[in-house]
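*Asks:* With the sequence shown counted from 1, adding 138 to any position gets you our numbering.
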Amino acid sequence: MTVVGHIQPIEEPLHPTREDVPELERFGVVAFTTTRSRGTFALHSTDTAFDVFGRWQALLAEVSPWARRLASAHQVHGDEILEHQGKWEGWLRAPRADGHLALQAGTAMAVSIADCVPVFIAHPSGATALVHSGWKGTVAHIAGRAIQRMVAAGLAASDLVLHCGPAICGGCYEVSPDVYGALTGRRVAAPTPVDLRAVIAEDARSRGVTAISTSPWCTRCHNTRFFSHRCGDAGRQVAVIAGPRAG
Numbered sequence: 139m140t141v142v143g144h145i146q147p148i149e150e151p152l153h154p155t156r157e158d159v160p161e162l163e164r165f166g167v168v169a170f171t172t173t174r175s176r177g178t179f180a181l182h183s184t185d186t187a188f189d190v191f192g193r194w195q196a197l198l199a200e201v202s203p204w205a206r207r208l209a210s211a212h213q214v215h216g217d218e219i220l221e222h223q224g225k226w227e228g229w230l231r232a233p234r235a236d237g238h239l240a241l242q243a244g245t246a247m248a249v250s251i252a253d254c255v256p257v258f259i260a261h262p263s264g265a266t267a268l269v270h271s272g273w274k275g276t277v278a279h280i281a282g283r284a285i286q287r288m289v290a291a292g293l294a295a296s297d298l299v300l301h302c303g304p305a306i307c308g309g310c311y312e313v314s315p316d317v318y319g320a321l322t323g324r325r326v327a328a329p330t331p332v333d334l335r336a337v338i339a340e341d342a343r344s345r346g347v348t349a350i351s352t353s354p355w356c357t358r359c360h361n362t363r364f365f366s367h368r369c370g371d372a373g374r375q376v377a378v379i380a381g382p383r384a385g
């Protein structure tokens with residue numbers, strides 16, 4: 139569950155704009171995390187509103203082959219998951235949530251990230267979910283709650299595919315003893331590194347999910363590629379999921 143070493147160096151493309159999740163492509167699902175070269179998507183950014191809103195509009199156009207609507211929310215490190223349905227179009231920004239779920243195709247969903255874990259979940263039927271899981275969300279089992287909601291809708295956990303996207307790695311993420319205890323159930327006397335993605339994966343396995351993968355990217359180790367809160371960045375990348383492909 140804990141990881142002391144850092145993510146190994148990875149050869150980076152010169153100007154990457156997003157990191158895709160190939161594990162979900164077999165379902166016709168598109169899933170990716172934007173990179174630093176794409177610019178920040180944070181609405182509280184020092185970038186102009188024109189630039190930031192322009193990036194969101196470009197993102198909506200990018201996912202248009204899969205969905206004509208894009209759902210996002212103001213994130214509060216909680217465990218609320220919004221379920222999206224209907225035939226509305228455009229970009230939705232809900233006032234408060236850290237997860238999104240769509241049981242039918244046609245809705246793209248996005249969470250903003252800068253060290254916390256974007257957790258992508260997909261089912262062969264086209265149902266998808268995406269949650270933002272920092273340490274508070276991980277303690278609250280927000281990814282597990284998304285799995286529960288999908289299972290309650292009649293989808294087998296064993297048919298789900300879960301991917302933990304770019305996030306701070308276990309070697310970089312040191313937490314206080316009380317946070318470490320809340321995450322792992324174990325007591326330590328001093329600040330200790332913990333791998334959030336490993337904790338999330340273990341919880342998913344306990345719920346019957348077997349197809350689990352993890353991005354090799356660490357937002358802090360690979361800070362030239364991704365924004366990292368622990369590196370002092372105010373910028374945020376976004377993780378996006380939508381599918382399956384229309385038509």
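C-beta: ideal position from N, C-alpha, C; glycine also.
Values in this document were obtained by computation on a predicted structure and should not be read as measured data.
Check whether the region 356-370 and the region 232-240 touch, using three or more Cβ-Cβ pairs below 8 Å as the test.
*Replies:* As far as the Cβ criterion goes, the region 356-370 does not touch the region 232-240, which means the pair count is below three.
*Asks:* Going by other Cβ atoms of all chains shown within 10 Å of its Cβ, with 16 needed for buried, is W273 buried or exposed?
*Replies:* Burial call: buried.
*Asks:* By a C-beta neighbour count over all protein chains shown, 10 Å radius and 16 as the cutoff for buried, is A169 buried or exposed?
*Replies:* By the neighbour-count rule (16 or more Cβ atoms within 10 Å), A169 is buried.
*Asks:* Quick one: which unbroken beta strand (DSSP E) runs of 3-plus residues sit fully inside the region 183-215? Chain order, please.
*Replies:* The region 183-215 contains these whole beta strand (DSSP E) runs: 207-211.
*Asks:* Please go through the same chain and pick out, in chain order, the residues whose beta-carbon is closer than 7 Å to the beta-carbon of A243, but skip the five residues on each side of it.
*Replies:* Excluding sequence neighbours, A243 sits near G264, G381 and P382.
*Asks:* Shortest alpha-carbon distance to K225 belongs to which of S344, A240 and P331?
*Replies:* The shortest Cα separation from K225 among S344, A240 and P331 belongs to A240.
*Asks:* Bridge partners of A240, per DSSP?
*Replies:* In DSSP, A240 forms a bridge with T266.
*Asks:* Looking only at its own chain, which residues have a Cβ that is under 8 Å from the Cβ of Q286, when we skip the five neighbours before and after it?
*Replies:* Counting only Cβ-Cβ distances below 8 Å, and skipping sequence neighbours, we find R345.
*Asks:* Taking Cβ to Cβ, would you say T245 is nearer than 7 Å to A305?
*Replies:* No, Cβ-Cβ distance for T245 and A305 is not below 7 Å.
*Asks:* According to the Cβ coordinates, are A342 and L293 closer than 7 Å?
*Replies:* No, these two residues do not count as a Cβ contact at 7 Å.
*Asks:* I need the straight-line Cα distance from E157 to H215, nearest angstrom please.
*Replies:* When rounded, the distance between both Cα atoms is 23 Å.
*Asks:* Just reading off the alpha helix (DSSP H) that L321 is part of, what are its end residues?
*Replies:* Its alpha helix (DSSP H) spans residues P315 to T322.
*Asks:* Determine the burial state of P329: buried for a count of at least 16 other Cβ atoms within 10 Å of its Cβ, exposed for fewer.
*Replies:* Counting Cβ neighbours within 10 Å, P329 comes out exposed, since fewer than 16 surround it.
*Asks:* Determine which residues share a DSSP beta bridge with M247 and list them.
*Replies:* M247 is bridged to A209 and I379.
*Asks:* Determine the direct distance from the alpha carbon of V190 to that of A372, and round the result to whole angstroms.
*Replies:* Looking at the two C-alpha atoms, the distance is approximately 13 Å.
*Asks:* Between I280 and V269, is the Cβ-Cβ spacing less than 7 Å?
*Replies:* Yes, the Cβ-Cβ distance between I280 and V269 is below 7 Å.
*Asks:* Given a threshold of 16 other Cβ atoms within 10 Å of its Cβ, counted over all protein chains shown, does F258 qualify as buried or as exposed?
*Replies:* It counts as buried.
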